[in-house]
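J.: All residue numbers for the sequence shown refer to the numbering used here, where the first residue is 10 and numbers rise by one.
We put the CB at the ideal spot given by N, CA and C, even for glycine.
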Amino acid sequence: MKTVRTAAISSRKPRILVGDNSAVAREGIAAIIRRNSRYTLCGSAVDRHMTIELLEQHKPDVLLLELFLGSCDGLFLIKELADRFPETRILVISKQPEEVFAERALRAGASGYWMKTGTCEELIHAIETVIAGELYVSPGIALVAVHKLLESPAAYRHASNLTDRELHVFGLIGAGFGTNRIAKELGISPRTVETYDEHIKIKLGYPNANALHRGARQWFELSHHK
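#1: Measuring CB atoms only, is the stretch 88-101 touching the stretch 40-51, in the sense that at least three cross pairs come out at less than 8 Å?
#2: Report yes if the C-beta distance between Asp70 and Thr97 is below 9 Å; otherwise report no.
#3: Per DSSP, which residues does Ile102 bridge with? Please list them.
#4: Since Ile25 sits in a beta bridge, which residues does DSSP pair it with?
#5: Please state whether DSSP places Val109 in a helix, a strand or coil.
#6: Examine chain B for any beta-carbon lying closer than 9 Å to the beta-carbon of Arg44, and answer yes or no.
#7: Three-state secondary structure (DSSP) at Tyr215?
#8: With a cut-off of 8 Å on the beta carbons, I'd call Leu78 and Gly28 a contact; round off their distance for me.
#9: Starting from Val55, trace the alpha helix (DSSP H) both ways and give me its first and last residue.
#10: Count the other CB atoms within 10 Å of the CB of Gly144; is the residue buried (16 or more) or exposed (fewer)?
#11: If you follow the alpha helix (DSSP H) that Gly180 is in, where does it begin and where does it stop?
#12: What span of residues does the alpha helix (DSSP H) with Glu36 cover, start to end?
#13: If you follow the alpha helix (DSSP H) that Phe77 is part of, which residue opens it and which one closes it?
#14: If you follow the alpha helix (DSSP H) that Leu90 is in, where does it begin and where does it stop?
#15: So, is Ala218 buried or exposed, given that buried needs 16 or more other C-beta atoms within 10 angstroms?
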């Protein structure tokens, strides 16, 4: 659990860093922060390397972090950043389904999860909440999630059964990555990737590799077009 530093922060403007590989999202969120006189925007990052560099340089109070920063696994990145920069609160900003990723992000070390479908006011409220040392999840998402889950295929409904690593592999399959490319991306052997494939097939009920790839593609499209 992170140490609450609310009193120290309240004596000055909280410093905020934005990490998002989408220029539109990054610039839009940065503009929201700049318009609010209560905060200081200390930088914007487009990838893992730049995010770490700016965290070391500016030591921000809050990092607004897109869950999937390029091909980087956001959950593992959150764990890394939470360990290396415990004084910075991580507020995930994402279009990925909260009902699947929010709990995972919080377990990894994030202080909150804000859906990009939310309003500017909700974003500011989310920032204020994590600055106060509390956890934040998007309001009103529960009812929407129920409807989405009822209408979505089995893979979408049961994705929460996967481990973080299995979910990452599943997403990479959906993005069109082959076994060797996934192995290189994750720094593991192709045989290990195949083992993950088998675990995913069992957990999600896919009878064969073709069904796995179709389901992964469907999952990828669902999770990237909200």
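T.: Working from what's here:
#1: no
#2: yes
#3: Trp123
#4: Leu50, Val71
#5: helix
#6: Among the protein chains of the structure shown there is no chain B, as only one such chain exists.
#7: coil
#8: 6 Å
#9: Segment: none, Val55 is in no alpha helix (DSSP H) and carries neither H nor E.
#10: The identity of residue 144 in the sequence shown is Leu, whereas the question assumes Gly. The residue in question, Leu144, is exposed, as its Cβ has fewer than 16 Cβ neighbours within 10 Å.
#11: 173-183
#12: 32-44
#13: Where Phe77 is concerned, there is no enclosing alpha helix (DSSP H), given that its DSSP letter is neither H nor E.
#14: 83-93
#15: exposed
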